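Quick notes on the structure that follows.
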Amino acid sequence: MTAELAGNPDSLVFLELGEALRRRGQLYAAAKAAVAGLERHPRLADSHDLYARILVDMGHLQQAYDEWQATVELDPRHRGAHKGLGFLCYRWGDLDGALEHLELAVAADPMDQSVVQALRMVRDAAAELTEVVEEPQQSLFQGLDGADHGMLLFDTRGRVLGGGMSNQLGEDVSKDVAAYVSGGCQEADRSSRILELGDWHWMVVEGVGGSMHVSRSESDTLLLVARDGSVPSGRLAVLADRAAEVALQWLEAQQP
Amino acid sequence: MSEQFKQALDGITRVRGVRGALLVTDDDGLVIADAVMEGVRGDAVAALAASLSARMARATVGAGVGEQNFLQLQAEHGTLLTMPAPNGVLVVVLAEKDVNVGLVRLEMLRAVEAVK
Chain E
13 MTAELAGNPD
23 SLVFLELGEA
33 LRRRGQLYAA
43 AKAAVAGLER
53 HPRLADSHDL
63 YARILVDMGH
73 LQQAYDEWQA
83 TVELDPRHRG
93 AHKGLGFLCY
103 RWGDLDGALE
113 HLELAVAADP
123 MDQSVVQALR
133 MVRDAAAELT
143 EVVEEPQQSL
153 FQGLDGADHG
163 MLLFDTRGRV
173 LGGGMSNQLG
183 EDVSKDVAAY
193 VSGGCQEADR
203 SSRILELGDW
213 HWMVVEGVGG
223 SMHVSRSESD
233 TLLLVARDGS
243 VPSGRLAVLA
253 DRAAEVALQW
263 LEAQQP
Chain U
296 MSEQFKQALD
306 GITRVRGVRG
316 ALLVTDDDGL
326 VIADAVMEGV
336 RGDAVAALAA
346 SLSARMARAT
356 VGAGVGEQNF
366 LQLQAEHGTL
376 LTMPAPNGVL
386 VVVLAEKDVN
396 VGLVRLEMLR
406 AVEAVK
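The listed protein sequences correspond, in order, to chains E and U.
Residue numbers for the first sequence follow the numbering used here, beginning at 13 and rising by one.
Residue numbers for the second sequence follow the numbering used here, beginning at 296 and rising by one.
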C-alpha cells in the first residue's frame, strides 16, 4: 500500500493504509498517512473519519471530536462518525448527545450490532440518570458548613445531582446556577484547549458580595461552593476540597 | 499604545511567570493593548478570556455573589486571570500555573486604575 501511495499520491489507498497502521498500533505513522490524505482530499468524509479514529487512539479526544464533526458536515449520514461522536459524548457525560448520534448511526446501518448495543447501554444510563435528577440529594454535604445553600454538585449539562444553592433572599437558585456555571465550564474547556493549558482543575470567581469556587471531578461532574465576602478565598478552597471528597465518595457509592 | 497603558501592562509582565497581559474590550474580546511573550496568541487569549468572563458573570449574579471583580482559571499548564476595569475594559493575564497570583492581582489592580 505504501508503494502504491508513493506511485500515486492521489490514491485513496491511504484510507486502508492508515487504518492498517492504526490497528497495528503504529499511531504516528497512521496519523502521518491520514494527514497526508487529508491534505489531498479535504472534502472526503472518510479521510476525516480515519484521522478521528487515530486521534482517539492517541488520546486526543477533543481533536477527534472536531474531525468527526467535520465528517458529518461533509456526510450527515456517516455511520462511523456518528458512532464516534456518540462514544465521545457518552464519555463526556453528554447522554443526550450520545443518544442523538447513536440513533443516527443506527439509522445509517441498522445491522451494526455494536452500535445497537451501545445505544441500548446509553439509553439505560440516561434512564438511571433521570431517576437521580428527579431527586437531587439535598443532604449530600450534610455536616459541612453551608451544606444546604452554598454547595452544589451537578453534571456538565447542568443537571443538579446534590446539594443546594440559595440567593440572598433565600430562594432556591440551584437549577439556574448549575445551568449558568456548566455553560461557563464549557467555555473554560474551550479556553484551556485552544490556549494549550491542559485540563483545567478549578476556577475561582470573586464578586462584590462573595466568591465561588468551581472544580471538576474525574467523573466529569462539577462542584460549586459559594460563600459571602466574609470567607477568604483560601478558606473557600479548603471548603471546596472537603466538599469534593464528600462528593467523590457519594459518586463512587452510586456506581452499580 | 498609550504610555499609561504600557506601564500598567509592563508592571504585570514583570511578575515572574506571567506570559502575557492584555487590556481587552469586555463585550467582544478585542485587544486594546497587550504585552505578551513570543508564541502567545494575544488575540485568542483576549477573545477566550472575555467570553469566559462574560459566561461566568451570569453565574456569579445568579449565585448571589454579585458583580464579578476577579476570575482565576487554574489549569494543568497555566493560569488565566481576568479583572474588569471601567469603561468596558477587561484586564487579562496569562501565566504559568505556579505564578504568584497575589502579586499579579496587585499589578492588575494598578492596571485597572490606569484605565480609569
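A virtual CB, placed ideally from N, CA and C, is assigned to each residue, including glycine.
Please read these numbers as outputs of a predicted model, since none were measured by experiment.
A345/U does not reach chain E, its nearest Cβ partner there being about 10 Å away, counting only Cβ pairs nearer than 8 Å.
A Cβ-Cβ separation of about 6 Å places A64/E in contact with G96/E under the 8 Å criterion. Excluding five sequence positions before and after L27/E, the CB atoms of its chain that fall closer than 6 Å to its own CB belong to D58 and L62, given in chain order. DSSP places H94/E in the uninterrupted alpha helix (DSSP H) bounded by R91 to R103. Residue environment: Y40/E is assigned as exposed (fewer than 16 neighbouring CB atoms within 10 Å of its CB, all protein chains considered). DSSP links H225/E through a beta bridge to V216/E and V237/E. Straight across, the Cα-Cα distance linking W262/E with L173/E is about 10 Å. Counting of Cβ neighbours within 10 angstroms places Q369/U among the buried residues, the total reaching 16 or more.
Here A358/U carries a coil assignment [DSSP, helix/strand/coil]. Straight-line spacing of the CA atoms in Y77/E and G71/E works out to 11 Å. Under DSSP, M163/E takes part in a beta bridge, and its partners are G176/E and V237/E.
Contact with chain E is found for R353/U, since one of that chain's Cβ atoms lies less than 8 Å from the residue's Cβ. In this structure the region 370-383 of chain U does not lie against the region 226-237 of chain E, because fewer than three pairs of beta carbons, one per stretch, are closer than 8 Å. Using a Cβ-Cβ distance cut-off of 8 Å, the region 175-188 of chain E and the region 312-323 of chain U are not in contact, since fewer than three pairs of beta carbons, one from each stretch, lie closer than that value. At a cut-off of 8 Å between beta carbons, L389/U contacts chain E. Inter-residue distance for D22/E and E16/E is about 10 Å (C-alpha atoms, whole angstroms). For D322/U, same chain residues with a beta-carbon under 8 Å away, outside a window of 5 residues either side, are A345, A349 and G383 in chain order.
Among the bridge pairs identified by DSSP, Q363/U is matched with G219/E. Taking a beta-carbon distance threshold of 8 Å, L398/U does not count as an interface residue toward chain E. When DSSP states are grouped into helix, strand and coil, V313/U belongs to the strand group. When Cβ-Cβ separations below 8 Å define contact, H213/E makes contact with chain U. No Cβ of chain U is located within less than 8 Å of the beta carbon of S242/E. Taken atom to atom, the span from the alpha-carbon of Q299/U to that of G98/E is near 52 Å. With contacts defined by Cβ atoms closer than 8 Å, H213/E and S227/E form a contacting pair. Under the three-state reduction of DSSP, M70/E is assigned to helix. Between the region 304-314 of chain U and the region 163-178 of chain E there are fewer than three C-beta pairs closer than 8 Å, too few to call the two in contact.
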